[in-house]
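Remarks on the structure that follows.
In my numbering, the protein residues as written are 159 to 391.
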């Protein structure tokens, strides 16, 4: 009886962690929203915003200069599914990214532009999704897609003309998020803050950032381990 109870408790805890950790998949592919990085909140309310054309040009330049990137990340979600996660990430244009959560549970997301794998080690489950039809209206486009297409999918704003802080609003009515905030320092993307439609706020801070490193193509490939349940979506 005790063993069954402990197993049930562990499964419930793991599932709850996966629900919270699922926000990181949302960061890259789905439900993201509006919030402002803390650095923006400290700026003067009288600071003038840049016009949309200028904001778009500046963001395009920053993202065009980011051809590849590796970093550590710390992700905190506040709301119904609160939690803190940490791990490593890698992105490389065009449309390649790897997002690996290592604590408090293990989850791996790998995408190459045509498919995305989400592997939950604890649940021994791997889900494969097609992403080519979705990527245009998702934040994945920012760090791994074509920068020249961003303004086709997002309205780009720069609330403070003298700060590299941008807020993007999807133009599509079918997009699953409201807006996305992004901060740069020294030309590097250092923070993303977002709120989903359920009122949850997710903050992602990047550290140990390496800009434009050479990344092996194997980092963006995934082969499910033996015995893992595979779900195709």
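In this text, a Cβ means the ideal position worked out from N, Cα and C, and glycines have one as well.
From 368, 332, 259 and 326, residue whose alpha carbon lies closest to that of residue 348: Answer by Cα proximity: 368.
Near the ligand SAM: residue 225 beta-carbon under 7 Å from a heavy atom: Absent from the structure shown: the ligand SAM. Ligands present: none.
Residue(s) in a DSSP beta bridge with residue 266: Residue 266 is bridged to 258 and 277.
Buried versus exposed, by CB contacts within 10 Å (16 or more), residue 389: The residue in question, residue 389, is exposed, as its Cβ has fewer than 16 Cβ neighbours within 10 Å.
DSSP state of residue 376 mapped onto helix, strand, coil: Here DSSP, grouped into helix, strand and coil, assigns residue 376 to helix.
Bridge partners - residue 328, DSSP secondary structure assignment: The partner list for residue 328 (beta bridge, DSSP) reads 312.
Presumed contact (8 Å Cβ cut-off) between residue 342 and residue 220, rounded CB distance: Their Cβ separation, rounded to whole angstroms, is 6 Å, which keeps residue 342 and residue 220 in contact under 8 Å.
Validate contact between the stretch 355-370 and the stretch 230-239 using beta carbons, cut 8 Å, 3 pairs: Contact between the stretch 355-370 and the stretch 230-239 is present: 3 or more CB-CB pairs across the two stretches fall below 8 Å.
Through-space distance from residue 252 to residue 224, alpha-carbon basis: Approximately 11 Å, taken between the alpha carbons.
Residue 190 burial status per 10 Å Cβ neighbour count (16 or more: buried): With a pLDDT of 28 at residue 190, under the threshold of 50, the predicted position of this residue should be treated as unreliable, and no value is reported.
Euclidean distance between Cα positions of residue 358 and residue 313: Residue 358 and residue 313: Cα-Cα distance of roughly 22 Å.
Residue 284: first and last residue of the uninterrupted beta strand (DSSP E) it sits in: If you look at residue 284, you'll find it in the beta strand (DSSP E) that goes 283-288.
Where the beta strand (DSSP E) containing residue 221 begins and where it ends: No beta strand (DSSP E) contains residue 221, which is instead part of the alpha helix (DSSP H) from 210-222.
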